[in-house]
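Residues in the sequence shown are numbered consecutively from 2, following the working numbering.
Right, one structure below, let's go through it.
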Amino acid sequence: MQDTLRITEVFYSLQGETRTAGLPTVFVRLTGCPLRCQYCDSAYAFSGGTLRTLDSLLEQVAGFKPRYVCVTGGEPLAQPNALPLLRRLCDAGYEVSLETSGALDISGTDIRVSRVVDLKTPGSEESHRNRYENIELLTRNDQVKFVICSREDYDWAVSKLIQYNLAERAGEVLFSPSHHQVKASDLADWIVADNLPVRFQLQLHKLLWNDEPGR
């Protein structure tokens with residue numbers, strides 16, 4: 002039997018966040034996630050999906066003729082065959098990113114992949130799931146993301162930024178306001194006031210398409 006993955010959707014859109022924000026990107030959204038963050042915007046990917054072979058996924062991705070491919074979820078690393086998918090996408094010549102919750106081991110991912118690793122804040126209600134061993138594995142090709150739900154979350158994120166020297170370990174440290182929980186302008190002001198070595202980001206897909214699935 003061929004290697005398979007359970008897939009919620011594959012679509013071509015603009016990357017809404019990370020260092021490639023605004024660039025046309027194919028998204029491969031895997032089904033399933035062991036976390037339940039209170040602000041999750043992809044709960045529709047927790048279950049269901051369609052069983053797909055890696056060959057069929059590679060063929061569909063190639064049809065878009067993309068430069069960038071993002072493997073997301075759910076939590077992609079909850080499915081073991083995410084690793085060969087990432088490798089094969091890199092072999093095909095795409096610039097590949099992986100969006101992961103940070104709760105699972107990232108050590109098996111291809112070094113060519115830019116791993117976007119969440120550090121879950123207390124406001125997410127899943128901060129106890131953070132796998133801090135992943136921090137030692139970060140390279141300058143990787144990105145660390147904090148979703149900020151409150152001023153307390155911001156202060157917590159700053160403490161982790163300093164404690165783990167994240168600005169030197171990763172290529173990007175990303176601070177995002179949790180939609181409808183923190184004013185974007187407030188988070189921007191806090192970052193500027195503290196002169197942080199981080200990138201403020203808004204989720205473009207929420208601004209453009211109100212977070213519709215497949216956009």
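Note that the Cβ used here is the ideal one computed from N, Cα and C, for glycine as well.
Alpha-carbon spacing of residue i relative to residue j, whole angstroms
| i | j | result |
| --- | --- | --- |
| L86 | L55 | 6 Å |
| M2 | R141 | Annotation note: pLDDT 48 at M2 (below 50); position unreliable, coordinate value reported separately. Answer to the nearest angstrom: the Cα atoms are 37 Å apart. |
| F28 | Y69 | 9 Å |
| S151 | R200 | 17 Å |
| G74 | I112 | 20 Å |
| V62 | E76 | 20 Å |
| P81 | R130 | 19 Å |
Cβ pair residue i, residue j closer than 8 Å
| i | j | result |
| --- | --- | --- |
| V145 | V114 | no |
| A79 | C41 | no |
| P67 | Y95 | yes |
| R116 | L99 | yes |
| L188 | I149 | yes |
| T110 | L84 | yes |
| Q39 | T26 | no |
| I136 | R170 | yes |
Residues that residue i bridges to, as DSSP identifies them
| i | result |
| --- | --- |
| L12 | It should be noted that the sequence gives Phe, not Leu, for residue 12. According to DSSP, which records beta bridges pairwise, F12 is partnered with F28. |
| V72 | V29, L99 |
Range of the contiguous beta strand (DSSP E) that encloses residue i
| i | result |
| --- | --- |
| E173 | 173-178 |
| I149 | 144-149 |
Start-to-end residues for the alpha helix (DSSP H) that takes in residue i
| i | result |
| --- | --- |
| V117 | From DSSP, V117 is part of no alpha helix (DSSP H) but of the beta strand (DSSP E) over 115-119. |
- Counting Cβ pairs closer than 8 Å, one from the stretch 149-165 and one from the stretch 104-111, do we hit at least three? no
- Query: Should the stretch 41-59 be called in touch with the stretch 4-12, which here means at least 3 C-beta pairs below 8 Å?
  - Reply: yes
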